[in-house]
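A.B. asks: All residue numbers for the sequence shown refer to the working numbering, where the first residue is 26 and numbers rise by one. Before we start, here is the structure in question, set down as C-alpha cells.
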Amino acid sequence: MKSYSSSDGGGWELTFAQSNHIVRIASTATFTILYFDYVITFGTEVERFWATRFSSPSSVFYLNRYLSLFGHIPIVYQFYEAHDQSVECKH
C-alpha cells in the first residue's frame, strides 16, 4: 500500500485543520438528515400516535424517537462549540 505525501507529488497529505473541517461537514450533513427526517414525519406521528390512547407500544415509540433526538443535542454542542474555543498562552 502506497502512502501519499507532498514530497512524492501526490498531494494527498491533509493537515489537521483540513481533516477536522471535512469531519465537520460530514457530521453537519448527518445531523441535517436526522433532524430533517423528524420534521417531515412529524405530521404522520401526530395522526397515528398522538391521536390515540397512550399504550405500551406508543411509549416504546416515544422513547425510541425522542431519546435519540434529544440525545444528540449534547453531542452536537460538544462537537461544534467545545472545539471552537481558542486558547491563549500569555508569557
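Built from N, CA and C at the ideal position, the CB exists for glycine as well.
Is ILE50 close to chain E? Criterion is C-beta to C-beta, closer than 7 Å.
C.D. replies: Here chain E cannot be found, since the structure has a single protein chain.
A.B. asks: Report the CB separation of PHE56 from HIS97 in whole angstroms; it is logged as a contact under 8 Å.
C.D. replies: Here residue 56 corresponds to residue number 31 of the sequence shown, with the count starting at 1. Here residue 97 corresponds to residue number 72 of the sequence shown, with the count starting at 1. With a Cβ gap of about 7 Å, PHE56 and HIS97 count as contacting.
A.B. asks: Between SER52 and PHE104, which are expected to be in contact by the criterion C-beta below 8 Å, what is the C-beta distance as a whole number of angstroms?
C.D. replies: Against the sequence shown, residue 52 aligns to sequence position 27. Against the sequence shown, residue 104 aligns to sequence position 79. Under the criterion of beta carbons closer than 8 Å, SER52 and PHE104 qualify as touching, at roughly 6 Å.
A.B. asks: Does DSSP put LEU39 in a helix, in a strand, or in coil?
C.D. replies: Reading the sequence shown from its first residue, position 14 is the one you call residue 39. Correct three-state label for LEU39: coil.
A.B. asks: Determine whether the beta carbon atoms of SER83 and PHE95 lie at a separation below 7 Å.
C.D. replies: Mapped onto the sequence shown, residue 83 falls at position 58. Mapped onto the sequence shown, residue 95 falls at position 70. It is not a contact, given that the beta carbons lie outside the stated cut-off.
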